[in-house]
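Participant: Below you'll find the structure I mean.
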Amino acid sequence: MATRTATSKSPAAQAPDDKPFDFNLDAVKAEVESTPFRVHWNGRRFTFKHMQDLDSWELLAAADSGEANAVMGSLRLALGDEWEEFRKVPMPQYKLMPLFKAYQAHCGMDSGESSASSDS
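Note that our numbering has the sequence shown beginning at -18, numbered continuously upward.
Following this line, the structure appears as structure tokens:
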């Protein structure tokens, strides 16, 4: 008796692009206005992107390495090209968490909520 091998693709793999879908991610819009967060530090202004605009994949990767890396990853992503300049001056610990909490508050997040989490 010969062994049979399944060769047909699953229905999802065969669906053409012009067929209806279950969820249109392209149609999802932010629920809040994503205004930047501006900080005065070391005599100059730095602009942080709103947390809702940060790349979720990068945030999740940073969060995978613990809370400290999640905070640093959020700040690095939010500052973009300004990150290196922001880090040139040592930041005392007593300033870091107030900065992050103010950033979270600006973005409408609770201080215990991860920047990679959703509202639901």
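The beta carbon of each residue, even a glycine, is placed where N, CA and C say it ideally should be.
All figures in this text were calculated on a predicted structure; none of them were measured in a lab.
Which same chain residues end up closer than 7 Å to T16 when comparing Cβ atoms and leaving out the 5 residues on each side of it in sequence?
Facilitator: By the criterion of a C-beta distance shorter than 7 Å, T16 is surrounded in its chain by H31, once the five residues flanking it on both sides are discounted.
Participant: V52 by DSSP, collapsed to three states: which one?
Facilitator: helix
Participant: Hey, how far is the Cα of L60 from the Cα of E66?
Facilitator: 10 Å
Participant: Where in the stretch 11 to 50 do unbroken runs of the beta strand (DSSP E), each at least 3 residues long, occur, reported from the N-terminal end onward?
Facilitator: Fully enclosed beta strand (DSSP E) runs of 3 or longer: 18 to 22, 25 to 29.
Participant: Quick one: what does DSSP say S98 is sitting in, helix, strand or coil?
Facilitator: Summary for S98: the model assigns pLDDT 48, below 50, so the residue's position carries little reliability; its value from the coordinates is reported in the next sentence. Coil.
Participant: CB F18 to CB H87, shorter than 8 Å?
Facilitator: yes
Participant: Roughly how many angstroms lie between the CA atoms of K82 and L6, to the nearest whole one?
Facilitator: 30 Å
Participant: Using the Cβ count rule (16 or more neighbours within 10 Å means buried), how would you classify F4?
Facilitator: By the neighbour-count rule (16 or more Cβ atoms within 10 Å), F4 is not buried but exposed.
Participant: Could you compute how far the alpha carbon of D45 sits from the alpha carbon of V52?
Facilitator: 11 Å
Participant: Pull up the CB-CB distance for L80 and L58, whole angstroms please, since I reckon it's below 8 Å.
Facilitator: Their Cβ separation, rounded to whole angstroms, is 15 Å, which puts L80 and L58 out of contact at 8 Å.
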